[in-house]
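Just so you know, we're using this note's numbering here: the sequence shown kicks off at 3 and counts up by one.
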Amino acid sequence: METKERKDELHLMAAEKVLLSLSSYSRCTECILYAMPFVLDVNGENNLYLRCFETGTLKGFFAKHCKDLFSEIISTHNITKVHIMRIYNDWDVLAFNHHRSESSKGHGPDKNAKMFEKLVNSNKGSIRHSFDRAYQSLKNTFQGFSPGYVVFCERMARHTKKRKRKIDESGELDNINENHQYFKLDGLGNINQWSAAITDYRLNRPFKPYCELQDLVQKFGDLDELSLKDQFEILSSCPNLHKWVVRPDSGGVKLYQYFVPNGRSPRNLILGEMENENVEDGLINIKSIVTMVLAEKYKLLQPLSFKKTNKKASYQRKRVNRETILDQLGATEESFELPMTIKCSLYQEFKRNLYNDGIILWREHNAKCQVVVMNNYDSDTGSFEFNDFVAVTRTVRPGGIINFECTCGTHAALASAVNFSDWDGIKCCHARVFADIIEEFSIDYVQQNEHGYGAPQLMPNSNTESVASVKISNGLKSVIQDVIPLHSVMDIEKFSVRSPVGHQFIHVYTDNRSKRVYVKCMSGLCSLANSKKIKLRTMEEVDKLCPHLLVFKSYIDENWDKHRLLRLLRTQLDTDTDTDDEQQLDDVTDPDFDAALAVLHLDDTPGDVTDNSENKVIDGFDPETLTWKFHSKFGRIVNADPFDENLITSTIKRTEFFLMALNNQPVEFHPRCDSDQCACEVPWMRNSEGQLVYVPDGKTTLYTRDRTIDCDLFKLVCSTGKCCLRWDGLFENIFRISQQICIVEELCWEYIDMVCTSKTTFASFRQCIDNNYKRHRSPKYFMSAKTFLKLFFSWSSHQPRDLNRQCNWCGESPQVLACDATKIGILSQNIDINPIEACESRQVLPTETRRNNRCFLAFSPKSKDESDEQYKNRLRTIRDSRNYLKTWTSNSTEDKLTPLEHLDCRKQLLSVLPQKVKPFFSRYINQQMSIVQLKAAKRVMHLLSFDAPVRAFLPKQLVPIMETMVMEKHARTGLLRECQKFNIALSNLLAAFNDRFLDSDVLSLIEYLLERVRSVPEPDIPPCEVIPNDPSKSGRFYYFRKDGAQIRKNRNFEIGKGDDEPTTSSCSKRYPIVAPRGTSFLFLWFCPAHGFCYGGHIVNGSEGRKDAACSLFQFLETAPEGLFYDFACGFEEYSLNRESGYFSNTRFFHDLFHRYGHNCSPMYSTKSLIGMTYNTSICEQFNSFLQCVKASCKHMSQEHFVFYVKFFIDIWNTKKETSFKNKLRVALAGSK
C-alpha cells in the first residue's frame, strides 16, 4: 500500500506541475482554478482538506464559494472543518517562469500563444490526460475519501485569435470555445452551479483576496497559539516551488528547491520546524522564517517584477424592447439564434473583461452630463476589443429623463432600427454597464473643482474592496486630466482629449508609405476632421486647430518625450510636402480577354469540347417576368448561398471523384426523380426486377479546382420513349452549360471571391486555374475565358436572387439617401442609351424663383420709377452687404477695413435689410445684448449672410414648431430640443432670448423667416404613371419599386441648362466630359442608414447634378427628407430651379468626406445634424468595392454589364443586410 500511495502522489504532483507550467507562460492564461478535495480524520473528526490552485481573476475563489460548492460532501461526511491549502502562489509562478527562461529552449511570445492547447489538450502529459490518470489512481486508493476534482482554465482573451466555426468529421459545427477554455468537473456537483459561481466571482472579486506574505508577521507574529486554519493560511502564503523526481534507491520522492542559499523553500522550512517536539520554538521559528523571506534572504536568483502590464422638456420617447428588434430581424423568440461567435452571456462576458482588463475613465464636465470612455466590442461578433474605445454619454434631462448615447456600432444600429436619436429599453452593452455602475456604486457628485469640471465620487457605503470598485475609483479620478493616453498598438497611439466643447479621441499614427508621424482628431464635427494628415507644422498654426487639437498641443509641449510617436513627431523634419493625394485607378486592359471577346465561337483549346448548336443568342432580361436568364441547355435553380451545407458536403466529396479518376475508375452521374412517372404520366422504364433503367446519355467533362474529370452520363426514358429525364447536377452542386461542359459550383464562388479581393478578370482567373491544372497533371486544359464568361453568366442568372429588392427597413420610400458617381463602366462604343436628363416634352414651364430671390438678403423686383442703372446699383449694394455681413460675422481674425469703413458698411447693411428684422440687427450692431446673446446672434447672422435659400436655414419640417413658438411667444424646452435637431444655431438663439417670453425682436425675425418660407411658389408635381423599363436597353436599374419601372418623365423649364451666375458663396465641382479612355460612369443611390444600394444608371458623358435630380424624379415617388451628395449646394439650386415642388421637404447635405473645401453655407454641412448616425461615406466605400469588378467588365456589352453590376450590388446588399442584422442580434444578446 505504501508503494501504491507514493505512485498516486507522483501522478498527482506531476499533474499539478502542468498547471504551474501553464500559469507561468505570459500572455497565455487569464485564470486557472483547480481543486482536489480529501476527507481526512483529525482527532476523531472528519476534516475536508482542499488542495487548490487559483490564478488570475479567480484568486481567492474557494475562500468565498467553498462551503456552497462542497455542501453535499460536507453533509455526506459530516465535515466539521474545511482547510484550504494553495499548492502554489504568485512567488512560485514567477520563479517557475524564471527557471524556464534560463533553460536552453527558452520561450517567446509566439510559443506562449500555442502552449495553452499543448498543455491542456494535445500533449500526452496535458491537463486533460494527467488529471484523469491521477484521479483514477487516487480513487482506487482512497475510495470515497477522494470524491472528485475540478479544473478550469481559460486563455487570455487579449491574445486569443478570433476564428470562425468549422465543420468536424461528423458534419457538425465545432465548439467555438474549445481552443480557449477547458472545464472539467468530476464528482463535485452540478457544472451549471460552478459556472454561475465562477461568473459571479469574476465580476465581484475582491481586490485583495487573501493574506499576502508581507502581511504574515503583522497578522500572526504576536499570537501565542495558532489554529489549524491559521497554519494552513501561513503555509499557503509562503513560496513552495519545487521539482519532483523519483529517488533511484528507494523509489520515493525527492525535493529540488529553487531557492538559495540552502535549497529549501520557506514552506518546507516551516513544515520542518512544526515537526519539532517543542511547539513554542516552532512558532518562534515560523516568525523568524517569514522575517527572513521578507528580508530577501530567500530570494530568487534573479529578481522578477510583480508589476502587471498596463492595459491600456418632456416629449414621448420611443421604447425599444426585444419584440422591436425581433420585428426588425423578422424573427421570433423561438426562431432567434445568437451569432455563432457570441456566447449566451454576452453582457456578463463584456462586463467581466471590462472590469478585469479594460478601462473605465470619467471625462464629464458637469453634474447633468457624464462622459465615460471604455473599451469597445465588435458590433458584429460581440468580441471584446482591447485596443478600441468608445465614449458613452449619460445625460439627465428636465423631468429626470436619463438618456444614454454611445459611439459604438451597436448603438448606431439601434438608432437606425428605430429611426430616432434617443429611446428607452434595450441599449448597447456600454450604456448598460454605465447604468449598472451608477446604480451599484451609488456615484455622487461634488461641486465644481478648480478645473471647472464636476468630479463624481464613490459613496461611503460602496464596496471599495473589489477589483471593480478600485478600477472605478481610479476612473473617477481621471476627470481632472485633460489628456489621457489609451492602450494602443505599435504604429498608433490613442488619446482621450477633453476640451471646452466636449470630449474626443485623437490618434497619432505612422503613415504606411512615408513613415512619417501625423496627428488626427477623430471628431467628424471639427473643421479639420476631413484633413487626412495634420503635421507638426500645422499644429503650430493655432488658428487652424480644432479645440481638441489645441488642448492636445499643450500636452505635446509638456509630455512629448514620454511617447515614442510623439518623440518622432517632435523631432522629425517637416520640409517635404504631401504627395499622397488620392489618384484615380487606371483602367486595366486585358488583351487576352479582348481577343476572347472578339472571337465569335468558343476557342478550340485542348479540353474545350464545344457544340456549335449551343451558340445561340443570350436571352438576357425578360420584361414579362422582370428576371434575368442567360442561356443554358440544362438550366436549373442554383443555390445563392456560398456556405450552404449541401454545397460544403458536395465539395468534400470532390476528393472521391478525384481519386476515382486517378485510379481510372469510371465516374458516373445518374438523374434522380421524385416521381415514378414522366410529365405525360407514363411510367419510367424498369427492368424485370422493377428497378429503374438508366440509358447512356454520352460523356461530359467536369471542371474541378485541380483537374478535369471525364464522366459518363445516364438518363431516364419513359416507356413510350418520348420523354426523358437527363442529369442536371442539382444534387451534386454541379452546373451544366452544355452536353460536353459542366463545372463544380464552388469554382464559380471562388471566382467571385477573387474578384472582390484581387480585381480578377475572366482571363486571369482562367490562367490561374489552368496553371493549377498543370501542377496536378490534368489531362485537359481549363476552359477558355469566353466559355467561362458564358458559363458564369448562365450560372449566376439561375440563382434565386431578387435583384430588384429594396432595403428591408426603408422599403420603397427611404427617408434619407446618399448618391455619387464612380468611374466604372464599359467602352463608349458598347453603349446605346438616352441620357437620363433627356426630355421629350416641348412645353416650357416657368422658373418661379432664382438663387438670389430665395436667400435672406434677396433681390427685390425692379420698380417702375427705377432706371436700369439704379436697379443694378441696388443689386450691387445688396450683394456687397451680403458679403460684408458674412465677413463681419465669421471667425476670421483678418480685418482690412478701418472703423469708418465699418460704419459705412453697417449703415449700408441696415438700409437693405427688411423692415421687420432691422431692430434685431441694430441691437447687435450697437452691442445691446448679453455675451451669450451676442454669440448666438452672430452665428445666426452668419448663416443668413449666404446666398443659400431661407428654407436651408428654416426647413419645412421646422415651420410648425416655429409657428407654435410665435403663437405662444415662448420657447418651451421640448420645442427647443426639436428645433435643435434641424438647426442648432437657431435653437441656441431662441434659448438665449427666452426669458419667460421670447424677445420681441427675435419674434419679428422668426415671423419674417416664416413668411419667406411660405411665400415660395412650388409647381405641381405630375401624377405617377407606370412606364415599363428594360434596364438592359435603358441602362437604368433602380430598386425603388419592385418592378423597377419609371413613374415620371422629365419636364422642360425656362432656366434651361444654366443656373445663376456664381458668387463668392458658390462652390464648384469639376466633372470630366467623359471618363478616361472612352469608358462610361455609373451613378448610384444608397441608404446611408443601412448601407443598402438602391441601384443606378449608366452615364455616357459627364456626371453632374442632373443625374441625381432626374433619377430621383423619374423613379422615386416621394423625395426623401435628407440627401447627401458631394455637391449638395449645387444640387439644391439645380433642383429648386426646376422641380421645387418635388424637393420641397428635402434637406441637402455634403457628406463628411467632401465637406472640406466647400465655401458655401455651413447649413449644408453634416455638422448641423445633431446625433447623426448615418454613414455618409457609404458612397466612397461602395466605390472602393466596385473598383474590384471594374477590370472584368470594361469590355462587356451593355446588357452583360448591367446584369454583372446588379449581381455584385446584390452581393454587397446581402453582406450589409447580414452585418446590420448581426448588430441587432448583438444588441439583443446584450439585453439579457
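The beta carbon of each residue, even a glycine, is placed where N, CA and C say it ideally should be. Bear in mind the structure is a predicted one, so any value in this text is a computation, not a measurement.
Can you tell me which of H972, T1148, E407, L887 puts its alpha carbon nearest to the alpha carbon of F984?
T1148
Other residues of its chain near A681: CB distance less than 8 Å, five sequence neighbours each side excluded:
C725
Test item: CB-CB of D1045 and L628 under 8 Å
yes
Counted within 10 angstroms of its Cβ, other Cβ atoms place P781 as buried (16 or more) or exposed
exposed
For Q742, name the three-state secondary structure that DSSP assigns.
coil
Considering only C-alpha positions, which residue in the set V919, P1019, F861 is nearest to D949?
F861
Would you say S843 and E1020 are within 8 Å of each other, going by their C-beta atoms?
no
Give me, in chain order, the residues of the same chain whose beta-carbon lies closer than 6 Å to that of E1134; leave out the 5 immediate sequence neighbours on both sides.
F1150
How would you call Q831, buried or exposed, if buried means at least 16 neighbouring beta carbons within 10 angstroms?
exposed
Given 8 Å, three or more beta-carbon pairs between the segment 693 to 713 and the segment 635 to 650:
no
Own chain partners of P685 with C-beta closer than 8 Å, once the 5 adjacent residues on each side are dropped
D678, Q679, C720, S721
Using CA atoms only, rank isn't needed, just tell me which of R953, F623, L988 is closest to R1014.
R953
Taking the CB atoms as reference points, tell me whether T412 and V1228 lie closer together than 8 Å.
yes
Three or more C-beta pairs closer than 8 Å, one from the segment 756 to 776 and one from the segment 660 to 667: is that the case here?
no
Could you check which residue in D1022, C809, I200, L478 has the C-alpha nearest to that of T1216?
C809
From what residue to what residue does the beta strand (DSSP E) around I486 run?
485 to 488
Start and end of the alpha helix (DSSP H) containing C213?
It is not in any alpha helix (DSSP H) - C213 carries neither H nor E in the DSSP assignment.
Three-state class that DSSP yields for R881 in the structure shown:
helix
Option nearest E18 by Cα separation, candidates R53, C30, L988:
R53
For the beta strand (DSSP E) containing D1003, list its first residue and its last residue.
Here D1003 belongs to no beta strand (DSSP E); instead the alpha helix (DSSP H) covers 1002 to 1016.
Flag this pair as touching only if the segment 1177 to 1185 and the segment 815 to 823 have three or more C-beta atom pairs under 8 Å; answer yes or no.
yes
Taking the C-alpha atoms as reference points, what is the distance between D94 and F209?
20 Å
F554 beta carbon less than 8 Å from that of F497:
yes
Tell me whether the segment 917 to 931 and the segment 898 to 905 touch, counting them as touching only if at least three CB pairs, one residue from each stretch, are closer than 8 Å.
no
Measure the alpha-carbon distance for I445 versus I403 and round it to whole angstroms.
17 Å
Rounded distance between the beta-carbons of C758 and C1190, thought under 8 Å:
5 Å
Taking Cβ positions, are I1049 and Y1144 nearer each other than 8 Å?
no
For the segment 1116 to 1127 and the segment 812 to 820, state whether three or more C-beta atom pairs, one from each stretch, are separated by less than 8 Å.
yes
Which parts of the segment 370 to 440 are runs of the alpha helix (DSSP H), unbroken and 4 residues or longer, counting only runs that do not cross its ends?
411 to 420
Is it true that the CB of M117 sits closer than 8 Å to the CB of L24?
yes
Which word fits P305, buried or exposed, when buried means at least 16 other C-beta atoms lie within 10 angstroms of its C-beta?
The predicted model places P305 with a pLDDT of 35, which falls under 50 and marks its position as unreliable, so this point remains unresolved.
Beta-carbon separation of H486 and L363 under 8 Å?
Looking at the sequence provided, one finds Ile at residue 486 rather than His. Yes. Within cutoff.
Taking the CB atoms as reference points, tell me whether F64 and L50 lie closer together than 8 Å.
no
Taking the beta strand (DSSP E) that P1090 belongs to, which residues open and close that run?
Where P1090 is concerned, there is no enclosing beta strand (DSSP E), given that its DSSP letter is neither H nor E.
Does any C-beta atom of chain B lie closer than 8 Å to the C-beta of Y1206?
The structure shown contains no chain B; it is built from a single protein chain.
Taking C-beta to C-beta, are K186 and V152 nearer than 8 Å?
yes
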